[in-house]
Amino acid sequence: MKKILFLFLILLMIVVMAACSSGTSGSGSEGVKTIKIAHGSNESYHMHKAWLEFEKDLEANGNFEVEIYPSSQFGNDDEMVESAKLGDITIATPPSSFLTDEAKNMALIELPYVFPDRETAINTLGGEWGQAQLKDLEDDGLIGMGYLENGVRHLTNNTKPVVTPQDLQGLKLRTMQVPAHVYLWNDLDAIAEGAPFAELYNNLSSGRFDGQENPISQIYAQKYYEVQKYLTLTGHVYTSYVPVMNQDFWNELTDEEKDEITTAFADARDFQLGLIAEEESGQLEEIKNNKDYPTEVTELTEEQKQLWIDAAQPTLEKYRTELGAEVFDEFNAAISEARK
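Numbering (this note's numbering), first residue to last: 18 to 357.
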């Protein structure tokens, strides 16, 4: 009997110790909550630096510990979004176009030449229209934190200077795995294929693709200029990241903790916007003047740029039909309002 009682007490102690050592997902020691952030870019990219700023601000009050996982350590963007829904990570950082299953009208953001300039894009996403898209994410277990800039996309290739859309004929281009992107370039007679971002440098180096399109800061950070000879400043699409947080994690926070996160994110966003404005012109000059990897840069005239805008119209019409004229017109109205 004593032996049975002894074994029972040992078992009880093990259960109690296990209960004391475990906590809810996201909890650290002494009530400190852990936030795991995942994204696909490397540590030199401005978006990663924005998250470092977020980490610094948020950890200052001692309520949170932030862990940042760059370079697709949690898989591609779709996989990171699913991990955020499941709570395996706290925050994923996908481009807006990877959230169209959850908020279908986000497909409008990355259509070609819809924003006349960067400032208008930022103001549109920061306004009522952009906030409404974030709200739609809540039905799928995600909290849209806001928008972090990816940038205005430009074309590189390893074959020839590209000045007009006609020059694209036959070029094998890697695009994001986004229907609107693939449709645009195929409609312009390129041979476009969506492929994972993490594999892009090797795919360009091996010759699987002749070219690709990305913002200057991404071309610079990922060193695509090492394996590409020509850069055309097409400015065809504005892209934005939409950090999404696990909804259960958010709902368990106090109002004070939510305010801390909201404030830290707003500060990180503003920090990033300033950093991009400061970095990109210098990065472009470095690409132009790199003697080890010379790159021929083509800057389009207004007339040449208009050829690209005109050539992109079938893509816009396709999405106007798919999403509906009313949705499309509301988006254009928001853009017009943001320009005032």
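Note that beta-carbon positions come from the ideal geometry of N, C-alpha and C, so glycine has one too.
It should be emphasised that the depicted structure is a prediction, and the values quoted were computed from it without experimental measurement.
Check	Outcome
Along the beta strand (DSSP E) that carries T256, what are the first and last residues, could you check?	255-258
Could you check the C-alpha separation between S114 and E127 for me, to the nearest Å?	7 Å
Just how far apart, CA to CA, sit Y15 and A197?	Examination of residue 15 is not possible in this model, given that the chain is present from 18 through 357 alone.
Can you look up A207 in the DSSP assignment and give me helix, strand or coil?	coil
So M262 is in the beta strand (DSSP E); what residue range does that whole segment cover?	261-263
Excluding five sequence neighbours on each side, which residues of the same chain lie with their C-beta closer than 7 Å to the C-beta of P331?	D204
Using the three-state DSSP reduction, which class does K177 fall into: helix, strand or coil?	coil
Under a three-way DSSP split, which group does K240 fall into?	coil
Between the stretch 99-108 and the stretch 263-283, can you find at least three pairs of beta-carbon atoms closer than 8 Å?	yes
Less than 8 Å between the CB atoms is what I'm expecting for Q300 and S234, so what's the real figure, rounded?	6 Å
Can you tell me whether G412 is helix, strand or coil according to DSSP?	This structure does not reach residue 412, given that the chain is present from 18 up to 357, and the question cannot be answered.
Based on the DSSP secondary-structure assignment, which residues constitute the bridge partners of G108?	Note on residue identity: the sequence assigns Ile, not Gly, to residue 108. Its beta-bridge partners are I54, M262.
Whole angstroms are fine: how far does the CA of E319 sit from the CA of V199?	25 Å
Rounded to whole angstroms, what is the Cα-Cα separation between E302 and Q239?	16 Å
For T256 and chain C, any beta-carbon pair shorter than 8 Å?	Of the chains in the structure shown, none is chain C; there is only one protein chain.
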